[in-house]
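Notes follow the structure.
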Amino acid sequence: MAKAIPSRSENYSEWYNELIKKADLAENSAVRGCMVIKPYGYSIWEKMQRALDDMFKETGHSNAYFPLFIPKSYLSKEASHVAGFAKECAVVTHYRLKNAEDGSGIIVDPDAKLEEELIVRPTSETVIWSSYKNWIQSYRDLPLLINQWANVVRWEMRTRLFLRTAEFLWQEGHTAHATSDEAQAETRQMLDVYAQFAEEWMAVPVIRGAKTANERFAGAEDTLCIEALMQDGKALQAGTSHFLGQNFAKAFDVQFLTKQNQLEYVWGTSWGVSTRLMGALIMAHSDDDGLVLPPKLAPIQVVIVPIYRTEEQLEQLSAKIKPLVQALKKAGVLVKYDDSDANKPGWKFAEYELRGVPVRLAMGGRDLENGTVEIARRDLKTKETVPFDGLTERIVALLDDIQQTIYEKARAFRHENTFRVDTFEQFQEQIEKGGFILAHWDGTSETEETIKEMTKATIRCIPFDQEPEEGKDVYSGKPSKGRVVFARAY
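Sequential numbering from 551 applies to the sequence shown in our numbering.
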């Protein structure tokens, strides 16, 4: 049979790691803290990329590419930015190797030391804004709306596949605007794009909100985020969008001539999502039997498995099934007909279940006689035998239903695991059980840090859709103007 995985209730962390490996999504590499994304996993990421890239272009953005290496002096130009990333930077100090004179192997050539060290890209604000200085002269050059798909390196000590690796893949948008209002509107627009993608493609409900000052991106004046709840009750930050103000424009002297013939600094934003979304997709929906993938992101949406005893029977089944395969492809469905003889049907059923294929069709000799086929849906684990005629339309409708059902299940889970608490005793009791906690906060960094130290819970966001509500801080008892979202997080 297909490879078994641990249950979520026994060991959630082990379940997650083993599921990624058994479903052939990724594996640890020979380089500590880095991963190899395998073809099946990368095909999901490609679908994410394609959908997001289309959404970016619909909002007027263009793709570009900037260097992997950043001069060390660039990072030091924006003080809070370098402070935020200093401990995570990988640094290139030499540009050449040579054979050791004693024959022991290759060594770094001490004579090839760089005049200025290069930082391996942890994020690209500095190198991009150094280019923007040359690209922007007048108001006619604005807004400048650029995105890049790239890899970045942040030297993590404790890593986990997809969620936190030393090197990961992402996109990063970097835009420049003539006014603060335009830049802030862009910041919110791109957060809404991320939220739309998370909910409509990933089937993951998210809370939109703003980060506290303690949790903001280094160098930003404001950070907006979307927060998702995983099945173990922990939060996962699924995307961020930053209003940079004029901080990077001033650091790199990016000015433009206004219509009034005056020089002003531009206003900036940056925003990004990464392969961390793969982790969110896995943890939000999957079960003890393997992946549960929303159809929009599934590399294989429908698999068809013939059940036969003789080659003659296989030929008869194939004659019936292959026209269906073509009809499904014509309807835009990603379908696989698995008539290989390497494994028995039972093994195939378990394997495709493990890989999260949304719909499985099985057809045997009796189905051939009766003009029927068995349909199994991965999300609900239900089966039914249906007429073969009209199957294409039925499957297209079924995929839409599965996409919506997976989303509704995740939304119901979040609702059931969101709690309003008013005392610190309630807070401490609930945080051990997990979930989102809506509690009053007095707005001070001191209280925020104290709660974090005592409970390991952080303020995930100040939600946009919260009604103003006078109250008292859950810890300090000081006046509060509204509730924020607390949780332990990945």
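Glycine included, every Cβ here is placed at the ideal spot set by N, Cα and C.
All of these numbers come straight from a predicted model, not from anything done at the bench.
Alpha helix (DSSP H) runs wholly inside the segment 877–915, at least 4 long, in chain order: 895–904
Rounded separation between residue 811 and residue 691 - CA only: 14 Å
Whose C-alpha, out of 895, 930, 906, 870, is nearest the C-alpha of residue 919? 870
Since I believe residue 972 is in contact with residue 1030 (beta carbons under 8 Å), could you give me their beta-carbon distance rounded to a whole number of angstroms? At roughly 11 Å, the Cβ-Cβ gap does not stay under 8 Å, so residue 1030 and residue 972 are not in contact.
Looking only at its chain, what residues have a beta carbon closer than 8 Å to the beta carbon of residue 627, apart from the 5 residues adjacent to it on each side? 676, 801, 802
Looking only at C-alpha atoms, which of 998, 773, 795, 1035 sits nearest to residue 733? 795
Out of 573, 584, 607, state which residue places its alpha-carbon closest to the alpha-carbon of residue 593. 573
What residue ranges within the segment 660–693 form continuous alpha helix (DSSP H) runs of no fewer than 4 residues, ordered along the chain? 675–685
Would you mind working out which of 903, 944, 950 sits nearest residue 931, comparing C-alpha positions? 903
Coarse secondary structure for residue 808, derived from DSSP in three states: coil
Suppose the cutoff is 7 Å on Cβ atoms and the five residues either side in sequence are ignored; what does the same chain contact list for residue 1002 look like? 1008
Check each candidate in 788, 756, 762 and name the one with the smallest Cα separation from residue 826. 788
Candidates 667, 876, 632: closest to residue 643 by CA position: 667
CA-CA distance, residue 830 and residue 836? 10 Å
Going by beta carbon distance, what residues of the same chain come within less than 7 Å of residue 581, once the five residues before and after it are set aside? none
Note the first and the last residue of the continuous beta strand (DSSP E) segment covering residue 585. 585–587
I need the DSSP call for residue 941, collapsed to helix, strand or coil. helix
Assess contact between the segment 707–724 and the segment 761–781, defined as three or more Cβ pairs (one per stretch) separated by less than 8 Å. Is contact present? no
Quick one: Cα of residue 899 to Cα of residue 910, how far? 8 Å
Tell me where the beta strand (DSSP E) around residue 829 begins and ends. Per DSSP, residue 829 belongs to no beta strand (DSSP E); it is in the alpha helix (DSSP H), 826–835.
Is it a yes or a no for the segment 944–964 touching the segment 889–896, going by three-plus beta-carbon pairs under 8 Å? no
Assuming residue 721 and residue 614 are in contact, meaning their beta carbons sit under 8 Å apart, how far apart are those beta carbons, in whole angstroms? Not confirmed; about 11 Å, so no contact.
If you follow the alpha helix (DSSP H) that residue 628 is part of, which residue opens it and which one closes it? No alpha helix (DSSP H) contains residue 628, which DSSP labels as neither H nor E.
According to DSSP, residues forming a beta bridge with residue 973: Answer is none; residue 973 lacks a bridge partner.
Have a look at residue 847 and residue 748 and give me their C-alpha separation to the nearest angstrom. 11 Å
Counting only beta-carbon separations shorter than 8 Å, does residue 857 have a partner in chain D? Absent from the structure is chain D; it holds one protein chain and no more.
Could you check which residue in 636, 641, 661 has the C-alpha nearest to that of residue 648? 661
Taking residue 943 as the reference, give the member of 678, 970, 658, 874 with the closest Cα. 874
From the DSSP output, in three-state form, read off residue 934 for me. strand
Does the beta-carbon distance from residue 988 to residue 968 come in below 8 Å? yes
DSSP three-state label for residue 948, please. helix
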